[in-house]
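A quick write-up on the structure given underneath.
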Amino acid sequence: EAGVVQSPRYKIIEKKQPVAFWCNPISGHNTLYWYLQNLGQGPELLIRYENEEAVDDSQLPKDRFSAERLKGVDSTLKIQPAELGDSAVYLCASSRSQGSYNEQFFGPGTRLTVL
Amino acid sequence: AQSVAQPEDQVNVAEGNPLTVKCTYSVSGNPYLFWYVQYPNRGLQFLLKYITGDNLVKGSYGFEAEFNKSQTSFHLKKPSALVSDSALYFCAVREGARDDKIIFGKGTRLHILP
């Protein structure tokens, strides 16, 4: 089966510009996650979707970050405006259901550099 | 709240020797524990998990991990290391059946020396 697809793989922007990341999860996976990974750190959850519903967005900086998963399949994460500190890798992951025993499948990530 | 610790930033092992990557956790209920591996410029790949049952869990690429409840540990092991095992390894925990949020450790970089 195809894995989690993310695009773009790399993005370089100037601060205060907007940026968007796209994720297509594995077919049939109802749960979708967006993570932030800083250099030398583990992934940190930004938002989790069950189908089209955002069930955990407590770690999402809502003043500049937004996300959507309109049809319960692919998802977009947006930053507007970007700040220097947003430079990181943004990972998307999916799993079969919200069962907490299910492993997650990760995409390759989008490496964002804010200048 | 749950937490996970990987006490070693880096582990160096000679090829052919056994390897251990350490992980300890803290949860108030029963833990669900996971190990993931990350190769350069790639996303995390699932290696193995402990949910319940046998304390010794076998996973991909010859890796295994031992759940030790009294020591709250879930160390990753492999009997004979390969150079291709060099990567970044993440331990993760979620509190089973209560909260679906998974917490990742900061990672341990494994170097297998030829």
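Chains as they are written, first to last, in this note's numbering: chain A, 1 to 115; chain B, 116 to 229.
Where is the CB? At the ideal position from N, CA and C, for every residue including glycine.
A direct Cα-Cα distance of roughly 11 Å separates residue 41 of chain A from residue 224 of chain B. Residue 115 of chain A carries a coil assignment under DSSP once its states are collapsed to helix, strand and coil. Contact annotation, residue 222 of chain B with residue 203 of chain B: C-beta distance approximately 5 Å; criterion of less than 8 Å satisfied. For residue 13 of chain A and residue 144 of chain B, the gap between their C-alpha atoms comes out near 44 Å.
At a cut-off of 9 Å between beta-carbon atoms, residue 131 of chain B makes no contact with chain A.
Checking the DSSP bridge columns, you'll see residue 204 of chain B partnered with B/152 and B/223.
CA-CA distance, residue 154 of chain B to residue 227 of chain B, rounds to 14 Å. Residue contact with chain A for residue 158 of chain B: present (Cβ-Cβ distance below 9 Å to some residue of chain A). Taking 8 Å as the upper bound for CB-CB distance, residue 18 of chain A and residue 82 of chain A are in contact here, some 7 Å apart.
Sorting B/140, B/132, B/156 and B/137 by C-alpha distance to the C-alpha of residue 110 of chain A places B/156 at the top. Residue B/216 holds the alpha-carbon nearest to the alpha-carbon of residue 46 of chain A among B/135, B/216 and B/229.
Straight through space, the alpha carbons of residue 104 of chain A and residue 30 of chain A are spaced by roughly 11 Å.
At a cut-off of 9 Å between beta carbons, residue 184 of chain B makes no contact with chain A.
Excluding its 5 nearest sequence neighbours in each direction, residue 124 of chain B has C-beta neighbours in its own chain below 7 Å: 223 and 224, listed in chain order. Proximity of residue 21 of chain A to chain B, defined by a Cβ-Cβ separation below 9 Å, is not satisfied.
A residue is called buried once 16 or more other Cβ atoms fall within 10 Å of its Cβ, and residue 48 of chain A is buried on that count.
Of the residues A/55, A/93, A/22 and A/108, the one whose Cα lies closest to the Cα of residue 79 of chain A is A/22. Pairing residue 44 of chain A with residue 36 of chain A gives a Cβ-Cβ distance under 9 Å. Chain order gives the chain B residues near residue 103 of chain A as 149, 161 and 164, where near means a beta carbon separation below 7 Å.
With respect to the 9 Å criterion, residue 95 of chain A and residue 114 of chain A are not classified as neighbours on the basis of their beta carbons. The beta carbon of residue 11 of chain A sits closer than 8 Å to the beta carbons of 19, 21, 110, 111, 112 and 113 from its chain, once the five residues preceding and following it are set aside; these are given in chain order. Bridge partners of residue 93 of chain A according to DSSP: A/33 and A/106.
Taking 9 Å as the CB threshold, residue 44 of chain A lines the interface with chain B. Separation of residue 137 of chain B and residue 39 of chain A (C-alpha to C-alpha, rounded to the nearest whole angstrom) is 20 Å.
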